[in-house]
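S.K.: Pasting in a structure now, in structure tokens, and then I'll have a few things to ask.
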């Protein structure tokens with residue numbers, strides 16, 4: 021395998037890793053949004069339960 025072929029393989033691998041990294045960042049942002057929504061829902065539910073029980 022020539023040096024040029026090796027370099028090409030490495031460049032494609034780096035590009036693939038960059039794409040994967042970007043996708044992971046998007047997933048992490050979505051998880052954060054869902055976590056915030058879940059916390060908000062639980063706080064709302066706690067408020068309702070507090071009114072009903074107490």
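Residue numbers (our numbering): 21 to 74. From the three backbone atoms N, C-alpha and C, an ideal C-beta is built for every residue, glycine too.
Spatial neighbours of residue 53 within its chain, please: C-beta separation below 7 Å, excluding the five flanking residues on both sides.
M.R.: There are no such residues.
S.K.: Give the straight-line distance between the Cα atoms of residue 62 and residue 72, rounded to the nearest whole angstrom.
M.R.: Going by the C-alpha atoms only, they are around 15 Å apart.
S.K.: So residue 22 is in the alpha helix (DSSP H); what residue range does that whole segment cover?
M.R.: From DSSP, residue 22 is part of no alpha helix (DSSP H); its letter is neither H nor E.
S.K.: Would you report the Cα separation of residue 67 and residue 43, rounded to the nearest angstrom?
M.R.: Taking the straight line joining both Cα atoms gives about 36 Å.
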